[in-house]
Every structure is written in C-alpha cells, then in structure tokens.
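Protein sequence lines correspond, in order, to chains C and A. Using the UniProt record's numbering, the letters of the first sequence map in sequence onto residues 1 to 336. Using the UniProt record's numbering, the letters of the second sequence map in sequence onto residues 1 to 336. This report refers to the structure that appears directly beneath it.
Protein chains: 2
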Amino acid sequence: MTKLNKPTTIKEIARKLKISPSTVSRALNDHPSIGLVTTMRVKKMAEELNYEPNQTAIFFKQRKTFTIGVVLPTLSEPFFSSAISAIEAVAEDRKYTVLLGQSLDDANRENQIITTFKKHRVDGILMSLGKNTTDLSFVDILASSQIPIVFFDCVPESAAVNRVYCNLASGMEEAIEAFVSRGHKNIALINGPETLLAATERTSSFREALRKQGYEYNEKYVVHTDLTEEGNHIAMEQLCVLPERPSAIVSFNDYVTLDVIRYARSKGIGVGQDMHFISFANYPLWKYMENPPLASIEQYPDEQGRKAAEILFDILDNSDKIGLQEIVFPSKLVFK
Amino acid sequence: MTKLNKPTTIKEIARKLKISPSTVSRALNDHPSIGLVTTMRVKKMAEELNYEPNQTAIFFKQRKTFTIGVVLPTLSEPFFSSAISAIEAVAEDRKYTVLLGQSLDDANRENQIITTFKKHRVDGILMSLGKNTTDLSFVDILASSQIPIVFFDCVPESAAVNRVYCNLASGMEEAIEAFVSRGHKNIALINGPETLLAATERTSSFREALRKQGYEYNEKYVVHTDLTEEGNHIAMEQLCVLPERPSAIVSFNDYVTLDVIRYARSKGIGVGQDMHFISFANYPLWKYMENPPLASIEQYPDEQGRKAAEILFDILDNSDKIGLQEIVFPSKLVFK
DNA sequence: TTGTATGCGTTATCAG
DNA sequence: CTGATAACGCATACAA
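Structure representation (structure tokens):
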C-alpha cells in the first residue's frame with residue numbers, strides 16, 4: 001500500500017525543526033551563510049519527509065522553466081529523430097527538459113505549437129522549418145517576449161536569426177564529381193518544390209558543380225517533385241522520356257530516391273547499371289538494400305542538433321554577450 | 001524594431017481600467033457574474049496591451065501543468081515515432097503539451113527521466129519500457145505522488161498497472177499458418193533476449209501456434225539474439241548449420257530480419273526462395289526492398305499510442321471513477 | 001549565522 | 001455584479 005503524501009513543503013521542514021523557512025530554503029540550496037550543522041539537520045529532515053521542491057513554484061518565482069521547445073516537421077524521418085536525440089542529450093546535460101512539437105509541414109500548426117510553447121514559458125526554442133512556411137512573424141513575437149530561437153537544418157533565408165545548417169554545395173560538388181569521374185555524360189537533378197529554399201540551393205549548386213566540371217547546364221535535366229510518391233514517379237517519368245535519358249541522377253533526398261529506384265525497377269531499368277543515383281540525407285538503411293544508390297550525402301543531423309542546442313544554451317546562459325550565431329556544416333558524400 | 005515588452009499582467013489591466021484585478025481575472029475567464037460591458041472593456045484592453053496569461057503562475061496555483069511526459073526507448077524506431085505522433089495529436093486536442101524522454105533502453109535513464117518529469121510536475125506519464133528494465137519501483141513512487149502512468153507496447157508483467165499492448169499470439173498464429181499452408185516443414189524462431197517478457201511471449205505463442213497446426217515443437221529451432229547486428233548474425237548462423245536447415249523463419253522484429261536477410265544474401269541463400277521470413281513490427285519500408293519478407297506483423301503503434309493517451313486523459317479528467325485499464329490489441333499479419 | 005517581510009501572477013473565498 | 005484579501009511554495013533583500 002502506498003501512502004498518498006501531500007507533498008512536503010519548506011514550511012513543514014521549518015516547523016518541525018523550529019527554524020524559519022528562509023533558513024531551510026537557503027540550507028537546501030547550500031547557501032554559504034548557513035551553518036554546517038543547520039544545513040545537515042535540514043537536509044536530513046528533508047530526506048526523512050521525502051521533500052521535493054515544487055518546481056512549478058520555482059519556475060514561477062525564477063521566471064525560468066528549464067524547458068526548451070523543439071519544433072520540427074516530423075519524427076518519422078530518421079534525420080529528425082537523430083537530431084532530437086542529440087538535442088535531448090545536450091538538454092539533459094544542462095538539466096533542461098524538452099518539449100516536443102511536430103509541425104507536419106503545416107504552417108498553422110507551427111504557429112500553434114510556438115504559441116503553446118510561449119504560454120508554457122519555455123526558455124528557448126529550437127526549430128526546423130516545415131516545407132510550406134513563408135510567414136516568419138513568430139520570430140518577432142518571440143523576440144519581443146525575449147524567447148531565443150535557434151533554427152537548424154531547414155532554416156529561414158534571412159540571416160537575421162540564429163542558424164545551423166548544412167552547406168549543400170560541398171556534397172553536390174562531390175556528387176557531380178563522382179558521376180563525372182565514372183564517365184556519366186547526362187546528369188539529372190530531381191529537385192523538390194521550387195518554393196523551397198533547400199530546392200533553389202540545390203539547383204544553383206548543381207549548376208555550379210557542373211560548371212566546375214566543364215559540363216553544360218541543361219534545364220531539361222532538372223525536374224521537380226512535390227515529394228509525394230506520385231510526384232516522385234512523375235518526375236522520374238519526365239526524365240525517362242527524354243531523348244537522351246540521363247544515366248545519373250541526383251535527387252532531393254533519399255526518400256525521393258527510394259521511390260525513384262522502385263519505379264526504375266518496375267520499368268526494368270538496371271539500378272546501379274543503366275542508371276545511378278545519389279541523394280541527400282544518408283538514410284541509415286541503404287545497407288540493407290540489394291541495389292542501393294551509388295552514394296548519399298550526409299547532412300549530420302546529430303551535429304546540427306547538438307550545435308543548435310549548444311548555441312541556444314549559450315544564449316540562455318549569457319544572453320547579452322552572444323551575438324547572432326551562424327554555423328554551417330559541409331555536407332559530405334558517402335559511398336554505399 | 002521589436003519592443004521588449006515585459007509581459008503585461010492582470011494587475012496592469014486592472015490599474016488602467018481602474019477596476020480590481022479579480023474582476024479582470026473573472027472577465028478574462030468569462031465568469032458569468034461579470035457584466036457584459038466590463039468583460040468587453042477588459043478584453044479589449046487585454047488585447048491592446050497584448051496580455052498573455054502567465055502559465056507558470058497558473059500552473060503553480062492550479063497545481064496542474066497540462067503537461068504529460070512520454071518515456072520511450074528510442075525515437076529512431078519508426079514504431080515509437082509513430083506512437084508519439086499519435087500521442088501528440090491526442091495531447092494537442094486536449095490542450096496538453098508533451099515532454100519527451102528517450103531511455104535508450106537504459107534503466108537508469110528511465111529513472112532519471114521519470115524523476116525529472118516528476119519534478120516538473122507533469123500531470124501524467126505514458127511509458128514504454130526499455131529492454132533491460134526490471135525494477136519498477138518508480139511505479140509506486142509515482143502512485144504516492146498521484147501521478148498516473150499508462151504503459152504501452154512494452155508493458156510490465158504485473159497487471160496492477162494501466163496497460164495497452166498487442167497480443168502477439170494472434171499474429172504469430174497467422175504467421176505459422178501462412179508458412180504451413182505454403183508447405184514449410186521446418187519453421188524456426190529467432191527470438192530476443194530471454195529476459196524480455198516480449199520474448200517469452202513469442203516463444204510460448206510460437207509453440208502454441210505450431211501445436212494448433214499439428215506441428216511438433218523442436219527447441220533447436222528456437223535461437224536467441226541480443227538484438228545487435230552481430231547477435232542477429234550469430235543467431236542466423238546457428239540455424240544455418242542445423243542438419244535440416246529451416247526454410248521459414250519468424251523473427252523477433254523487422255530489424256532483426258533486416259540483418260538476417262542481409263546475412264542470408266551474403267551467403268547466397270535465396271530470400272523468398274530458399275528461405276522465407278516473417279517478423280514483428282510491419283516496418284514501413286519493406287515496400288522498397290527487392291526481396292522483402294513474406295509478411296510482417298502489424299502492432300499498431302498509432303492505435304496503441306492514441307489509446308494509451310486517451311486512457312491517461314480519462315484518468316486525469318476523472319481520476320476517482322476510473323479503475324485499472326487494460327487494452328489488448330490483436331496483432332495482424334500483413335503480406336508484403 | 002539566522003529570521004522577517006515581501007512579492008512573483010493568478011484565482012478563490014468572502015464580503016459588500 | 002464587483003472589490004478586498006488571502007493563498008499557492010519558494011527565494012531574497014533587508015534586518016538583526
């Protein structure tokens with residue numbers, strides 16, 4: 001049978017010990033001005049009475065909740081579940097707790113989540129934007145409430161915010177180089193929705209990487225998908241009907257490539273023979289596939305998550321001294 | 001330029017309106033005793049001053065945080081990321097917020113997380129146990145603090161707690177039936193660590209399912225893995241060296257099967273020809289594999305998560321009237 | 001070294 | 001219908 005304790009308070013400890021609550025409070029917090037004996041007595045009594053500080057009272061008083069909010073599109077992508085694991089690890093070290101919100105790429109949900117986080121008085125926010133977010137007004141709102149926010153991975157274009165992200169160009173360059181050195185002439189790009197910063201970046205870095213290799217950029221070899229399964233198939237079809245079918249394809253990410261490879265297989269196209277693939281994400285399960293892509297571009301979810309969290313905590317520790325932070329990781333080709 | 005507002009309080013509204021704080025509070029909460037005009041005036045002023053209630057004060061006063069904690073082994077398994085998405089959805093409906101903790105199958109971390117949650121005064125906890133948890137003393141501690149907990153998926157053996165889980169037997173039966181009807185004689189089980197409830201359950205339901213089919217149970221066809229990649233390979237080897245090599249294998253879950261299929265391929269064993277597989281989890285990516293297992297056993301992460309959350313909220317709404325809850329979902333074979 | 005008094009923002013009780 | 005007052009649990013400036 002378990003007792004139903006109504007939680008012990010500082011006052012009770014004080015009463016039992018016939019000292020004042022403030023002394024108890026100080027003793028429990030190892031305040032230097034309190035005598036060793038008193039401190040010991042208090043701690044012993046606290047232990048006996050099974051005292052646990054009421055954090056809600058402390059949060060209230062200290063105007064600090066030791067909680068950070070993390071907003072990301074979805075946990076079903078391994079990229080984000082890795083990132084949040086890293087974030088959680090850092091938070092744990094710092095004795096912070098993590099509030100979770102999935103936006104599911106819905107801008108309204110993002111706003112809703114942020115509003116809730118704000119109501120809960122989170123000390124700070126880490127966020128990776130959804131694919132459809134255009135309105136960033138919540139940034140100003142958070143600023144006026146003095147809640148710092150650090151973006152990671154999918155970050156706003158504006159440099160007026162703290163950002164941690166991957167430089168896609170380095171990975172793209174390596175990808176194109178890998179294809180070129182293997183003799184591919186017709187290299188295509190299956191890109192994401194043109195509204196996405198991440199997509200325009202891919203296009204420009206694709207273009208630039210081709211140029212560096214002395215290749216000509218042909219816009220027929222760049223198609224777009226809305227990132228749905230159907231969209232991915234349509235994009236692939238567009239490439240397959242070209243007079244000179246590409247033999248090498250860089251795609252927006254590994255999820256697109258999964259669909260595209262499946263499609264290729266269904267059409268009798270030899271994956272890794274007739275057609276070769278590279279994409280972004282470095283999805284961990286390629287090693288189980290019989291015909292994986294040639295390579296995948298690592299974007300370091302853990303490092304991004306960890307760094308973003310560290311920046312946030314630095315700001316929280318030291319809000320005055322820290323200016324706007326921007327960390328860019330290189331992306332990196334990993335052969336499969 | 002954003003203003004740095006120090007948050008507006010009820011008192012300020014009261015002062016500006018020359019009425020008392022309690023009236024403001026009541027007006028904001030649509031208390032029936034407040035006149036319509038006053039209510040309007042208050043709300044208008046609140047709007048103007050950009051008033052936002054200080055939730056930490058409310059939490060403190062109400063002794064309720066509208067926060068639930070979710071403890072699970074890892075988000076990197078799609079099973080759990082699905083589950084938490086469902087949980088989050090329910091929580092959002094009820095205006096609750098979700099605190100996240102990953103145990104990484106470490107019992108110490110579990111205790112740590114629960115302690116933190118308790119300090120944060122979560123209103124309730126949802127939990128799926130790690131693979132190594134034996135000590136459930138935190139259950140009593142939570143009970144004495146009157147923090148309800150609902151377990152899902154990986155639940156304690158004790159029926160003295162709220163539990164939502166899958167009945168493995170139904171899926172196992174369907175699996176064995178599928179193998180038998182396809183003419184397999186030697187059916188093996190690659191099970192998890194024997195310390196796991198989920199493993200002993202699989203063994204007994206495996207045994208029972210064979211019996212129902214009029215097959216004899218042969219313990220040589222049951223091997224164990226510690227669920228690491230190496231352990232999975234070793235288990236598979238044990239089966240491969242048997243004089244009558246099994247042609248059909250049920251394994252602990254799809255992750256084991258991934259490793260095992262990969263191993264089989266490396267040994268030149270024809271997956272789906274020489275050897276056929278079924279496992280638990282219904283991992284969403286089988287459709288991309290060239291040689292997927294014959295089938296996978298769905299364990300309904302969303303339904304489990306949703307149901308567990310609903311039970312928790314029912315308890316929170318109505319703690320007296322609700323007795324111990326136990327919901328068992330059937331597991332179900334899904335062909336690939 | 002310890003105690004006293006005060007306030008954090010809100011709501012509930014009671015009185016008017 | 002509205003106002004005054006107290007209380008939640010804790011920390012801290014100030015007093016002793």
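All C-beta atoms in this analysis are idealised placements derived from N, C-alpha and C, irrespective of residue type, glycine included.
Run through DSSP, which three-state label would residue i get?
| i | result |
| --- | --- |
| A:TYR263 | helix |
| A:ALA175 | helix |
| C:VAL122 | coil |
| A:PRO330 | strand |
| A:ALA295 | strand |
| C:PHE252 | coil |
| A:ILE315 | helix |
| C:MET40 | helix |
| C:ILE141 | helix |
| A:ILE187 | strand |
| C:ARG182 | coil |
| A:ILE19 | coil |
| A:SER279 | strand |
| A:VAL150 | strand |
| C:ASP24 | The sequence given here places Val at residue 24 of chain C; Asp does not occur at that position. In this structure, C:VAL24 counts as helix in the three-state DSSP scheme. |
| A:TYR300 | coil |
| A:THR2 | Residue confidence for A:THR2 is low, a pLDDT of 45 falling below 50, so the modelled location carries little weight; the figure read from the coordinates is stated next. Coil at A:THR2, not helix or strand. |
| C:CYS166 | strand |
Tell me whether the beta-carbon of residue i lies closer than 7 Å to the beta-carbon of residue j.
| i | j | result |
| --- | --- | --- |
| C:LEU129 | C:CYS154 | yes |
| A:SER296 | A:SER170 | no |
| A:VAL71 | A:GLY101 | yes |
| A:ALA308 | A:LEU126 | yes |
| A:ALA250 | A:ALA175 | Correcting the residue identity first, residue 250 of chain A is Val in this sequence and not Ala. Result yes, Cβ atoms of A:VAL250 and A:ALA175 sit closer than 7 Å. |
| C:SER25 | C:ILE13 | no |
| A:ASN191 | A:PHE252 | yes |
| A:LYS336 | A:PRO284 | no |
| C:PHE66 | C:TYR96 | yes |
| C:LEU17 | C:MET40 | no |
| A:PHE152 | A:VAL161 | no |
| A:THR133 | A:ALA107 | yes |
| A:ALA248 | A:TYR221 | no |
| A:ASP105 | A:PRO156 | no |
| A:PRO148 | A:GLY183 | no |
| C:PHE329 | C:TYR300 | yes |
| C:GLU298 | C:VAL334 | yes |
| A:ASP226 | A:PRO193 | yes |
| A:LEU312 | A:VAL150 | yes |
| A:ALA86 | A:ASP314 | no |
| residue 381 of chain C | C:GLU229 | In this structure chain C extends from 1 to 336, so residue 381 of chain C is not present and cannot be described. |
Open item on the list: Tell me which residues of the segment 83-102 of chain A have at least one Cβ-Cβ distance to chain C shorter than 7 Å, keeping chain order.
Closed with: Taking a C-beta cut-off of 7 Å against chain C, the contacting residues of the segment 83-102 of chain A are ILE84, SER85, GLU88, THR97, VAL98, LEU99, LEU100, GLN102, listed in chain order.
TODO: Decide yes or no for the touch test of the segment 285-297 of chain C against the segment 108-124 of chain C: beta carbon pairs closer than 8 Å, at least 3 of them.
DONE: Between the segment 285-297 of chain C and the segment 108-124 of chain C there are fewer than three C-beta pairs closer than 8 Å, too few to call the two in contact.
Open item on the list: Runs of 3 residues minimum, wholly inside the segment 43-131 of chain A: which ones carry the beta strand (DSSP E) assignment?
Closed with: At a cut-off of 3 residues, the continuous stretches assigned as beta strand (DSSP E) that sit fully inside the segment 43-131 of chain A are 67-72, 97-102, 124-127.
- [ ] Count the CB pairs spanning the segment 256-263 of chain A and the segment 233-246 of chain A that are closer than 8 Å, and state whether there are at least three.
- [x] Touching, per the Cβ criterion.
TODO: Mind listing, in chain order, the continuous alpha helix (DSSP H) runs of no fewer than 4 residues lying wholly within the segment 200-249 of chain C?
DONE: Listed in chain order, they are 229-240.
Task: Three CB pairs or more closer than 8 Å across the segment 72-84 of chain C and the segment 29-45 of chain C - done: Contact fails: fewer than three Cβ-Cβ distances are below 8 Å.
TODO: Pull out every residue of the segment 227-239 of chain A whose Cβ sits closer than 9 Å to any Cβ of chain C, in chain order.
DONE: For the segment 227-239 of chain A, the beta-carbon criterion of a distance under 9 Å to any beta-carbon of chain C is satisfied by none of its residues.
Open item on the list: Under 8 Å: do the segment 177-193 of chain A and the segment 270-278 of chain A share three or more Cβ pairs, one atom per stretch?
Closed with: Contact between the segment 177-193 of chain A and the segment 270-278 of chain A is present: 3 or more CB-CB pairs across the two stretches fall below 8 Å.
Task: Segment contact flag, the segment 50-57 of chain A with the segment 36-55 of chain C, C-beta cutoff 8 Å, min 3 pairs - done: Cβ pair count under 8 Å is below three, so no.
Task: Residues in the segment 267-300 of chain C having any Cβ partner in chain A nearer than 8 Å - done: From the segment 267-300 of chain C, only LEU285, LYS287, TYR288, MET289, GLU290, ASN291 have a Cβ closer than 8 Å to chain A.
Open item on the list: Which residues of the UniProt domain "HTH lacI-type" (8-62) of chain A have a Cβ closer than 8 Å to any Cβ of chain C? Give them in chain order.
Closed with: Along the UniProt domain "HTH lacI-type" (8-62) of chain A, the positions whose C-beta sits under 8 Å from a C-beta of chain C are GLU52, PRO53, ASN54, GLN55, THR56, ALA57, PHE59, PHE60, read in chain order.
Task: Near-chain A residues of the segment 251-267 of chain C - C-beta to any C-beta below 9 Å - done: Listed in sequence order: LEU258, ASP259, ILE261, ARG262, ARG265.
TODO: Using a Cβ-Cβ cut-off of less than 9 Å, give me the residues of the segment 117-133 of chain C that come near chain A, in sequence order.
DONE: Taking 9 Å as the Cβ-Cβ cut-off against chain A, the residues of the segment 117-133 of chain C that qualify are PHE117, LYS118, LYS119, HIS120, ARG121.
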